[in-house]
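One structure is given below, encoded as structure tokens.
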Amino acid sequence: MIIVQTPLRISFFGGGTDFRDFYGQEGGAVITSAIDKFIFLTIKKRFDQKLRIGYTLTEMVDRIEDIQHELIREALRKTGILQGVEITTMGDIPSAGSGLGSSSAVTVGALLAMYTYRGEMIPAERLAQEACQIEIDTLNKPIGIQDQYIAAYGGLKFLEFNPHGKVQVSQVDVTGEVIRRLGDSLMLFFTGLTRTAGSILAEQQLNINQRMHILRELKSLAFVARDELQNGNLDEFGRLLHCGWELKKRMASKITNGMIDQMYADAVKAGALGGKITGAGGGGFLLLYCPPERQRSVRTALSGLQELPFQLEQDGTKVIFNYRR
Numbered sequence: 291m292i293i294v295q296t297p298l299r300i301s302f303f304g305g306g307t308d309f310r311d312f313y314g315q316e317g318g319a320v321i322t323s324a325i326d327k328f329i330f331l332t333i334k335k336r337f338d339q340k341l342r343i344g345y346t347l348t349e350m351v352d353r354i355e356d357i358q359h360e361l362i363r364e365a366l367r368k369t370g371i372l373q374g375v376e377i378t379t380m381g382d383i384p385s386a387g388s389g390l391g392s393s394s395a396v397t398v399g400a401l402l403a404m405y406t407y408r409g410e411m412i413p414a415e416r417l418a419q420e421a422c423q424i425e426i427d428t429l430n431k432p433i434g435i436q437d438q439y440i441a442a443y444g445g446l447k448f449l450e451f452n453p454h455g456k457v458q459v460s461q462v463d464v465t466g467e468v469i470r471r472l473g474d475s476l477m478l479f480f481t482g483l484t485r486t487a488g489s490i491l492a493e494q495q496l497n498i499n500q501r502m503h504i505l506r507e508l509k510s511l512a513f514v515a516r517d518e519l520q521n522g523n524l525d526e527f528g529r530l531l532h533c534g535w536e537l538k539k540r541m542a543s544k545i546t547n548g549m550i551d552q553m554y555a556d557a558v559k560a561g562a563l564g565g566k567i568t569g570a571g572g573g574g575f576l577l578l579y580c581p582p583e584r585q586r587s588v589r590t591a592l593s594g595l596q597e598l599p600f601q602l603e604q605d606g607t608k609v610i611f612n613y614r615r
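In structure tokens form, the structure reads like this:
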């Protein structure tokens, strides 16, 4: 049996500039970080030739074409495993509509598990590339490419997307103390709203040509925020999150709504300096930057929401158990 652990993520700046329709013209950039909440995926050999896939549903099929879980199906196809395995996925949080990059974490983790099952060692760059191929090229999902890379690499990263498709992955140049202080100043609250990201992202993708000026601002903000972070100006980093959220809301009609706007306003009034809805928007988790001394007031203001305590995570996808007879 092989068990793979893959981190979820929070994206700070530059979301949207990782869509091919934008970075293919002008290049994109994001600041994003893995967090210590994970997707776990197991794979083991079966005694027969069937394929068993366990998640919120359980599938038992004879042919790869009959698998309904499209991410697992295409990962099996990509790695050349066509029969005789049992696969399960589990998450630290419900993955549907969380906005924490769970779909890409499943895809990246599945690829690592399956290649490890085949006895192959695959670098993070290839795992990310192949996850992008599965989600975007094969399954035609209207998504960007940042989630696959942060799931594969982990850490707090500055990602640059070259118009020709090359992705440059850079560690944000900060000390461990700054990373600790940043983590201590971040809060996540579940909005209680779940949504299908596809419709929001599809609208955002359709709007790209009309929103190029906004995406340019979002890209520029990622560079400014990186500099502030590397200079240790964490509160300014938090204030820039507010600027990014104001820009992001203009990318599609369902990124926010009255309930989300009220939650955010209550948090800012209580002491948060900035924040955003993670992922596509429309629900999932509300990410806030708030100095520690003001966090009690924010928790009181958002007492109707469930908080998700977390820390920033250094590791990307990795094998945590590998037992072979």
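Taking my numbering, the leading residue of the sequence shown gets 291, the next gets one more, and so forth.
Where is the CB? At the ideal position from N, CA and C, for every residue including glycine.
Only a predicted model underlies this, so the values are computations on that prediction, with no experimental measurement involved.
Residue i versus residue j: straight-line alpha-carbon distance, rounded
i: Lys509; j: Asn452; result: 13 angstroms
i: Gln419; j: Thr568; result: 23 angstroms
i: Phe448; j: Leu595; result: 30 angstroms
i: Ile377; j: Glu526; result: 44 angstroms
i: Ile504; j: Val558; result: 23 angstroms
i: Gln295; j: Tyr405; result: 14 angstroms
i: Asn499; j: Glu360; result: 30 angstroms
i: Phe312; j: Glu450; result: 12 angstroms
i: Ala515; j: Ile610; result: 34 angstroms
i: Val588; j: Asp551; result: 15 angstroms
i: Arg628; j: Met291; result: One cannot answer for residue 628 here, as it falls past the ends of the chain, which runs 291 to 615.
i: His454; j: Arg310; result: 10 angstroms
i: Thr546; j: Ser392; result: 20 angstroms
i: Gly573; j: Cys422; result: 24 angstroms
i: Met477; j: Gln438; result: 23 angstroms
i: Gly522; j: Arg363; result: 44 angstroms
i: Ile300; j: Met553; result: 19 angstroms
i: Thr379; j: Thr397; result: 11 angstroms
i: Gly409; j: Arg540; result: 47 angstroms
i: Gly344; j: Phe302; result: 32 angstroms
i: Gln585; j: Ala562; result: 8 angstroms
i: Pro581; j: Lys368; result: 45 angstroms
i: Met549; j: Phe479; result: 13 angstroms
i: Asp427; j: Tyr579; result: 35 angstroms
i: Asp474; j: Ser460; result: 23 angstroms
Beta-bridge pairing of residue i - partner residues as DSSP gives them
i: Arg586; result: According to DSSP, Arg586 bridges with nothing at all.
i: Ala319; result: Glu450
i: Pro297; result: Phe328
i: Arg342; result: Met350 and Glu376
i: Lys334; result: Glu376
i: Leu602; result: Ile325
Simplified DSSP assignment, three categories, for residue i
i: Met549; result: helix
i: Thr406; result: helix
i: Val351; result: strand
i: Thr481; result: coil
i: Leu372; result: coil
i: Lys608; result: strand
i: Arg540; result: coil
i: Thr568; result: coil
i: Ala421; result: helix
i: Phe309; result: coil
i: Tyr443; result: helix
i: Gln596; result: strand
i: Gly399; result: helix
i: Phe302; result: strand
i: Ile498; result: helix
i: Gly561; result: coil
i: Ile292; result: strand
i: Gly381; result: strand
i: Gln358; result: coil
i: Arg615; result: coil
i: Leu429; result: coil
i: Gly528; result: helix
i: Gly534; result: helix
i: Gly434; result: coil
Contact belief for residue i with residue j at Cβ below 8 angstroms, rounded distance in angstroms
i: Leu390; j: Lys335; result: That pair is no contact at about 31 angstroms.
i: Ala591; j: Ala542; result: No, Ala591 and Ala542 are not in contact; Cβ-Cβ is about 27 angstroms, not under 8 angstroms.
i: Ile616; j: Val462; result: Residue 616 cannot be examined here, being either before or after the span of the chain that is shown, 291 to 615.
i: Phe575; j: Ser323; result: Going by Cβ atoms, the distance from Phe575 to Ser323 rounds to 14 angstroms, so no, they are not a contact pair.
i: Leu341; j: Val351; result: 5 angstroms
i: Ile435; j: Asp308; result: 5 angstroms
i: Leu298; j: Gly399; result: Their Cβ separation, rounded to whole angstroms, is 11 angstroms, which puts Leu298 and Gly399 out of contact at 8 angstroms.
i: Asp319; j: Ala512; result: Contrary to the premise, residue 319 reads as Ala rather than Asp in this sequence. Contact holds; Cβ gap of about 4 angstroms.
i: Ile412; j: Glu425; result: Ile412 to Glu425, Cβ: 17 angstroms. No contact.
i: Gln339; j: Glu349; result: In fact, because the Cβ distance is near 15 angstroms, the residues do not count as touching under 8 angstroms.
i: Glu507; j: Leu537; result: 6 angstroms
i: Gln604; j: Gly444; result: 6 angstroms
Residue i: first and last residue of the uninterrupted alpha helix (DSSP H) it sits in
i: Val468; result: Gly466 to Asp474
i: Ser388; result: Careful: Ser388 lies outside any alpha helix (DSSP H) and carries neither H nor E.
i: Ser510; result: Met502 to Gln520
Residue range of the beta strand (DSSP E) that includes residue i
i: Gln461; result: Val457 to Gln461
i: Leu578; result: Phe575 to Tyr579
Any chain B beta carbon closer than 8 angstroms to residue i
i: Leu537; result: Of the protein chains in the structure, only one exists, and it is not chain B.
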